[in-house]
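There are 2 protein chains.
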Amino acid sequence: MDDNDLALFAVFNEIGIINQLSSTVFQSRLPDGLLVSHFSVLNHLARLGDGRTPLSIANAFQVPKTTMTHTLGALEKRRLIKMAPNPADGRSKVVVLTEAGQKAREDAIAAMTGPLHRLAEGVGRDALMDLLPRLAALREFLDDNRNI
Amino acid sequence: MDDNDLALFAVFNEIGIINQLSSTVFQSRLPDGLLVSHFSVLNHLARLGDGRTPLSIANAFQVPKTTMTHTLGALEKRRLIKMAPNPADGRSKVVVLTEAGQKAREDAIAAMTGPLHRLAEGVGRDALMDLLPRLAALREFLDDNRNI
DNA sequence: ACTACTTAGTTCGATATCGTACTAAATGGA
DNA sequence: TCCATTTAGTACGATATCGAACTAAGTAGT
Numbered sequence: 170m171d172d173n174d175l176a177l178f179a180v181f182n183e184i185g186i187i188n189q190l191s192s193t194v195f196q197s198r199l200p201d202g203l204l205v206s207h208f209s210v211l212n213h214l215a216r217l218g219d220g221r222t223p224l225s226i227a228n229a230f231q232v233p234k235t236t237m238t239h240t241l242g243a244l245e246k247r248r249l250i251k252m253a254p255n256p257a258d259g260r261s262k263v264v265v266l267t268e269a270g271q272k273a274r275e276d277a278i279a280a281m282t283g284p285l286h287r288l289a290e291g292v293g294r295d296a297l298m299d300l301l302p303r304l305a306a307l308r309e310f311l312d313d314n315r316n317i
Numbered sequence: 170m171d172d173n174d175l176a177l178f179a180v181f182n183e184i185g186i187i188n189q190l191s192s193t194v195f196q197s198r199l200p201d202g203l204l205v206s207h208f209s210v211l212n213h214l215a216r217l218g219d220g221r222t223p224l225s226i227a228n229a230f231q232v233p234k235t236t237m238t239h240t241l242g243a244l245e246k247r248r249l250i251k252m253a254p255n256p257a258d259g260r261s262k263v264v265v266l267t268e269a270g271q272k273a274r275e276d277a278i279a280a281m282t283g284p285l286h287r288l289a290e291g292v293g294r295d296a297l298m299d300l301l302p303r304l305a306a307l308r309e310f311l312d313d314n315r316n317i
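Protein chains in written order, with our numbering: chain A, 170 to 317; chain B, 170 to 317.
What follows is the structure in structure tokens.
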């Protein structure tokens, strides 16, 4: 492994730190007890439509399904989602946003608008938008090559 | 919050997923019980020199110092690092790599060379290297604007 | 030198994450 | 139809993460 390889490592090091920093920022804007991982699920359901299965949500975030069981349990206890049997598959369930869940998501997004705008101003909206397709390509490759 | 703002969100969503996927890949190459967070500390000490304080390491990864206490405890129990009093500051400590720690880091890096090369081939080494300064700039801004 | 404040690190408790092993349902081949 | 295999979800246990409160040591102002 040479210096060029080490630089590749650095890419994932930076991504880890950015993830850490951005999570902390977002977390500080969320109401008490609502974690970033919780919000992410609410946002996913609101953006792409609810009625999805726990497994499909776990796959979307690339977390183990047992983690998603736990997260959904927390959201259900807070009555932000509801779990119903999946009519199409007896083993499965569907996850639906409640009114409170939709509102929690909207409130959270509103609370993050400020930081997000200051971020866009600071590093440049263009620079961020320019990152998006590049990151998506990397994510896609990793997603398709889990056993690399 | 409009569609442009939501796209900014997507950047951090992608980063979270990449972090998750890359951690899983790296984790699968590490020996039993050695977590990515552990390896990252070993790598940090080897790259930038040991003799650093726990707090400085925590800051480097942007994790709470209490998390670093825990991580260092695990590394010390495995005898991969040693903690010594900091001669320059009675409140503080210095963290030093042991021989075993250096070897563990080298072994881990060797084990990751394969996946890393396949990754470089798959998405293109240039594309990855192109990401690095962009990510570093974003990380730096977030680092300097913790209370954004 | 004294006191107030700050800083480094730990302890403790709560909860998130996730691997293993399990149950129940679906699927596919004989 | 039967049975083996696969798949969706959960239960459980181990450990990671992290906030709050604490102790000890350094620092700064008087």
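Virtual Cβ for every residue (Gly too), placed ideally from N, Cα, C.
Point to revise | Interface positions of the region 224–241 of chain B facing chain A (Cβ-Cβ less than 7 Å), listed along the chain | key: Listed by position along the chain: F230, Q231 and V232.
Review point. What whole-angstrom Cβ distance do E183/A and R274/B have, given they're in contact under 8 Å?
Key: On the first sequence, position 14 is the one that residue 183/A refers to. On the second sequence, position 105 is the one that residue 274/B refers to. Going by Cβ atoms, the distance from E183/A to R274/B rounds to 19 Å, so no, they are not a contact pair.
Check your understanding: Tell me, which residues are paired with A253/A by DSSP?
Key -> Taking the first sequence and counting its residues from 1, the one referred to as residue 253/A is at position 84. V263/A.
Review point. Using 8 Å as the limit for Cβ to Cβ distance, is T222/A near chain B?
Key: For the purposes of this step, residue 222/A is identified with residue 53 of the first sequence, where counting begins at 1. No, its Cβ sits nowhere closer than 8 Å to a Cβ of chain B.
Review point. Should G270/A be labelled buried (16 or more other beta-carbon atoms within 10 Å of its own) or exposed?
Key: On the first sequence, residue 270/A is found 101 positions in, with the first residue counted as 1. With 16 or more other Cβ atoms from the protein chains shown falling within 10 Å of its own Cβ, G270/A counts as buried.
Exercise for review: Return the residue from the list T222/A, G259/A and Q231/A that minimises the CA-CA distance to L241/A.
Suggested key: As a first step, residue 241/A must be located in the first sequence, where it is residue number 72. Comparing Cα-Cα distances from L241/A to each of T222/A, G259/A and Q231/A, the minimum goes to T222/A.
Check your understanding: Which residue's Cα is closest to the Cα of V205/A: L217/A, L266/A, L190/A and E290/A?
Key -> Numbered from its first residue, the first sequence carries residue 205/A at position 36. Taking only the C-alpha atoms, the option nearest V205/A is L190/A.
Review point. When DSSP builds the beta bridges, which residues end up paired with R221/B?
Key: Residue mapping note: residue 221/B aligns to position 52 of the second sequence, counting from 1. Paired residue(s): V264/B.
Exercise for review: Using alpha carbons as the reference points, say which of F195/A, L175/A and F181/A lies closest to A345/A.
Suggested key: Outside the displayed range of chain A (170 to 317) lies residue 345/A, so it cannot be described from this structure.
Practice item. Output the boundary residues of the alpha helix (DSSP H) element that contains L190/B. Key: As a working mapping, residue 190/B is identified with position 21 in the second sequence. Secondary structure note for L190/B: its alpha helix (DSSP H) is the uninterrupted segment D172 to R198.
Point to revise | M252/B at chain A interface by Cβ criterion, 8 Å | key: Indexing the second sequence from 1 puts residue 252/B at position 83. Answer no: the Cβ-Cβ gap between M252/B and chain A never drops below 8 Å.
Review point. Does DSSP classify P302/B as helix, strand or coil?
Key: Here residue 302/B refers to the residue found at position 133 when the second sequence is read from its first residue. DSSP places P302/B within a helical segment (H, G or I) once states are collapsed to three.
Check your understanding: Does the distance from the C-beta atom of D174/A to that of T236/B stay below 8 Å?
Key -> For the purposes of this step, residue 174/A is taken as the residue at position 5 of the first sequence. For the purposes of this step, residue 236/B is taken as the residue at position 67 of the second sequence. With contacts defined as CB atoms closer than 8 Å, D174/A and T236/B fail to qualify as a contacting pair.
Review point. How would you label S209/A, buried or exposed, when you count the other beta carbons within 10 angstroms and need 16 or more for buried?
Key: Reading the first sequence from its first residue, position 40 is the one you call residue 209/A. Answer is buried; the Cβ neighbour count reaches 16.
Review point. If you count every other CB in all the chains shown that lies within 10 Å of the CB of G185/A, and 16 or more means buried, which is it?
Key: Within the first sequence, the letter at position 16 stands for residue 185/A. With at least 16 other beta carbons inside 10 angstroms of its own, G185/A counts as buried.
Practice item. State the Cα-Cα distance for the pair R248/A and K272/A, rounded to the nearest angstrom. Key: By 1-based counting over the first sequence, the position of residue 248/A is 79. By 1-based counting over the first sequence, the position of residue 272/A is 103. About 12 Å.
Point to revise | Presumed contact (8 Å Cβ cut-off) between T267/B and K246/B, rounded CB distance | key: Residue 267/B sits at position 98 when you count from the first residue of the second sequence. Residue 246/B sits at position 77 when you count from the first residue of the second sequence. Not really, about 12 Å apart at Cβ, beyond 8 Å.
Exercise for review: Assign N314/B to one of three DSSP states: helix, strand, or coil.
Suggested key: If you number the second sequence from 1, residue 314/B lands on position 145. N314/B sits in coil when the DSSP states are folded into three classes, being neither helix nor strand.
Review point. Exposed or buried, which one is L217/B when buried takes at least 16 other CB atoms within 10 Å?
Key: Residue numbering aside, residue 217/B sits at position 48 when the second sequence is read from its first letter. Burial call: exposed.
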